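There are 2 protein chains.
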Amino acid sequence: MSLRIGGLAKRTGTNAPTIRYYEEIGLLPPADRRDGGQRCFDDEDVKRLTFIRRCRDFGLPIEQVRTLVSLMHDRSRSCNEARDLAQVHLETVRAKLVELKALERSIAGFVQTCDVSCAGGPGPDCTILEDLAEPADSVVSHRRLPSHA
Amino acid sequence: MSLRIGGLAKRTGTNAPTIRYYEEIGLLPPADRRDGGQRCFDDEDVKRLTFIRRCRDFGLPIEQVRTLVSLMHDRSRSCNEARDLAQVHLETVRAKLVELKALERSIAGFVQTCDVSCAGGPGPDCTILEDLAEPADSVVSHRRLPSHA
DNA sequence: GACGGTCTTCAAGTAACTTGAGGTTCATCG
DNA sequence: CGATGAACCTCAAGTTACTTGAAGACCGTC
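Chains as they are written, first to last, in my numbering: chain S, 19 to 167; chain Z, 19 to 167.
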């Protein structure tokens with residue numbers, strides 16, 4: 019059940035050069051090789067890379083991912099250590115969630131307003147785009163959603 | 019009412035080298051200069067840069083921002099064109115939101131479980147971190163936190 | 001046994017800045 | 001008026017996290 023790089027790539031949603039890159043910077047351990055020199059991977063690698071990808075998708079910088087990965091693989095370290103780290107990340111992630119929700123509202127509002135007031139044609143007097151250039155409060159304000167504080 | 023680069027930076031939450039960089043790549047027009055050669059900016063610049071910053075914070079790549087900026091300044095083009103662009107980005111943002119929520123749940127669950135089962139000591143048998151490496155669905159599954167949907 | 005797809009390494013390119021060096025300008029304080 | 005220090009200038013190089021390209025080796029199949 020051993021994968022070549024393309025297989026691992028497909029399973030993890032990473033692409034092959036990125037996998038090589040991760041190996042190069044030590045985020046993945048040096049892969050086993052076949053006779054011909056091609057890398058081969060197993061389930062463990064799928065797991066590890068999935069984890070890494072997920073962290074990256076969350077926006078964690080590589081160095082933080084490295085820390086988490088090392089916590090994962092070094093069981094001699096305190097579980098609480100990992101917990102504290104996770105706690106910190108949790109706050110980061112929550113802050114991002116808030117921002118992203120605000121963004122979603124603001125874009126959705128923009129699209130909505132566009133549909134309503136510019137429907138169908140070119141908008142020589144469209145002022146919606148200008149809204150985006152106004153201070154944060156007023157931009158969000160064309161929605162009536164609960165505040166995201 | 020003319021600002022120097024630092025003032026513009028403060029008002030827009032950008033930093034000065036970034037402003038120069040934006041000018042260099044043509045995202046901002048060449049700034050006016052004082053006698054001494056220092057750049058000076060006005061309200062129009064504040065608006066434009068605020069818009070740019072906001073777009074960037076949304077994660078739009080520079081080239082898309084460039085398009086939007088040009089849409090803003092060229093009213094002969096359709097407002098719907100901008101709307102479509104926003105629509106596309108909205109979907110991206112929503113997808114990110116979903117992932118981020120899953121991540122939040124997964125980290126929160128981790129912290130929670132840690133508190134419960136590893137409380138106080140090193141966890142040589144702690145398998146919690148491994149959960150993070152599992153497929154999205156199962157990661158989510160240890161949650162017993164209030165969902166924040 | 002040759003063909004196409006996948007793999008290899010290594011080097012260079014990309015995006016979007018950030019940082020640093022070395023020097024000018026500006027406002028203020030004595 | 002002179003000097004000091006913050007803010008500014010340009011230009012070059014560095015950073016992060018990859019992506020792309022060149023030139024060639026391997027691998028399954030017809």
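For every residue, glycine included, the Cβ atom is placed at its ideal position computed from N, Cα and C. In this text the structure is predicted, and so the values were computed from the model without any measurement.
Distances from the alpha-carbon of residue 114 of chain Z to those of S:108, S:51 and S:121 put S:121 closest. CA-CA distance, residue 102 of chain Z to residue 23 of chain Z, rounds to 34 Å. In terms of beta-carbon proximity, residue 105 of chain S lines the interface with chain Z, with at least one pair separated by less than 8 Å. The bridge partners DSSP lists for residue 123 of chain Z come to none. If the five residues before and after residue 60 of chain S are omitted, its C-beta is found closer than 6 Å to the C-beta atoms of 20, all from its own chain and listed in chain order.
Residue 33 of chain Z and residue 27 of chain Z have their C-alpha atoms roughly 5 Å apart. Taking 8 Å as the cut-off, the Cβ atoms of residue 71 of chain Z and residue 44 of chain Z do not count as close. Residue 40 of chain S and residue 73 of chain S have their C-alpha atoms some 13 Å from each other.
Membership of residue 36 of chain Z in the alpha helix (DSSP H) is indicated by the continuous run 34-42.
Shown in chain order are the members of the stretch 108-130 of chain Z whose Cβ falls below 9 Å from a Cβ of chain S: 108, 111, 112, 114, 115, 117, 118, 119, 120, 121, 122, 124, 125, 126, 128 and 129. Bounds of the alpha helix (DSSP H) holding residue 61 of chain Z are 61-75. Burial is judged here by how many other beta carbons sit within 10 angstroms of a residue's own beta carbon; residue 83 of chain Z has at least 16 and is buried. Looking at the DSSP output, residue 21 of chain Z sits in a beta bridge with Z:59. The alpha-carbon separation between residue 109 of chain S and residue 52 of chain S amounts to approximately 43 Å. Think of a sphere of 8 Å around the beta carbon of residue 101 of chain Z: the chain S residues whose beta carbon falls inside it are 128, 129, 132, 133 and 136, in chain order.
Secondary structure of residue 50 of chain Z (DSSP, three-state): strand. Under the Cβ criterion of 8 Å, residue 63 of chain S is not counted among the residues facing chain Z. Taking 8 Å as the threshold, the shortest C-beta distance from residue 33 of chain Z to chain S does not fall below it.
Scanning S:88, S:133 and S:106 for the CA closest to the CA of residue 46 of chain S turns up S:88. By the C-beta density criterion, residue 37 of chain S is buried, having at least 16 other C-beta atoms within 10 angstroms.
In the same chain as residue 78 of chain Z, and ignoring 5 residues on each side of it, the C-beta atoms closer than 7 Å to its own belong to 107, in chain order.
Out of Z:55, Z:98, Z:49 and Z:56, the CA that lies nearest to the CA of residue 66 of chain Z is found in Z:49. Its Cα nearest to that of residue 69 of chain S, the residue S:85 stands out among S:85, S:57 and S:56. Contact with chain Z is found for residue 75 of chain S, since one of that chain's Cβ atoms lies less than 8 Å from the residue's Cβ. Pairing residue 127 of chain S with residue 123 of chain Z, the inter-Cα distance amounts to about 27 Å. Judged by DSSP in its simplified three-state form, residue 45 of chain Z adopts coil rather than helix or strand.
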